[in-house]
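>
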Amino acid sequence: MEQELFGIASTVLGKKEWQELEKRADLVGTDQLLNEILEKRLWSNAEIAWVLKLMVFYYGKKDNLLKKMPVERLFLNMVDVLRTYFLIIDNEDPELDDNVRAYISSKLADSTWGINQRTRGYLEKI
847 MEQELFGIAS TVLGKKEWQE LEKRADLVGT DQLLNEILEK RLWSNAEIAW
897 VLKLMVFYYG KKDNLLKKMP VERLFLNMVD VLRTYFLIID NEDPELDDNV
947 RAYISSKLAD STWGINQRTR GYLEKI
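Next up, the structure:
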């Protein structure tokens, strides 16, 4: 039975498996849990969401170590994340709340910087 919070059905983040991952991360540490997940061939939805959340945290930090990352590797990482989302959207075709759809649309529009004609023209002039 799905739990509800304020009348809203819980997502992967509210489910038992997610809570167990959070407890495990507190117990063994984030790096150890990440290594355990990476060793698996098939990941659960909660594990996929947990790794994506971790990636958002690390890429959002912009720390000095990540700034040393080769640009090609960074692009490959982002392409792999985009492929994952493409498969989810393509296969599941989920019904999304208008607020979630607006947020996703806004973030995707922001992330097209550098590939749309206007910004490509700007970058070619630099």
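The sequence shown maps to residues 847 to 972 in our numbering.
A virtual CB, placed ideally from N, CA and C, is assigned to each residue, including glycine.
Values in this document were obtained by computation on a predicted structure and should not be read as measured data.
1. Enumerate, from N- to C-terminal direction, the unbroken alpha helix (DSSP H) stretches of 4 or more residues contained entirely within the stretch 869 to 904.
2. Take residue 892 and list the residues in its own chain whose beta-carbon comes closer than 6 Å to its own, dropping the five residues that flank it on each side.
3. Going by DSSP, what residue range makes up the alpha helix (DSSP H) through residue 950?
4. Return the Cβ separation of residue 883 and residue 897 in integer angstroms, given the expectation that the two are a contact with Cβ distance under 8 Å.
5. Could you tell me the distance, in whole angstroms, from the CA atom of residue 890 to the CA atom of residue 941?
6. Can you list, in chain order, the residues of its chain with a C-beta nearer than 8 Å to that of residue 929? Leave out the 5 residues immediately preceding and following it.
7. Where does residue 933 land, buried or exposed, given buried means 16+ other C-beta within 10 angstroms?
8. Please state whether DSSP places residue 915 in a helix, a strand or coil.
9. Provide the residue span of the alpha helix (DSSP H) that contains residue 969, from first to last.
This is what the structure gives:
1. 876 to 885
2. 858, 863, 864, 867
3. 944 to 957
4. 6 Å
5. 21 Å
6. none
7. exposed
8. coil
9. 963 to 971
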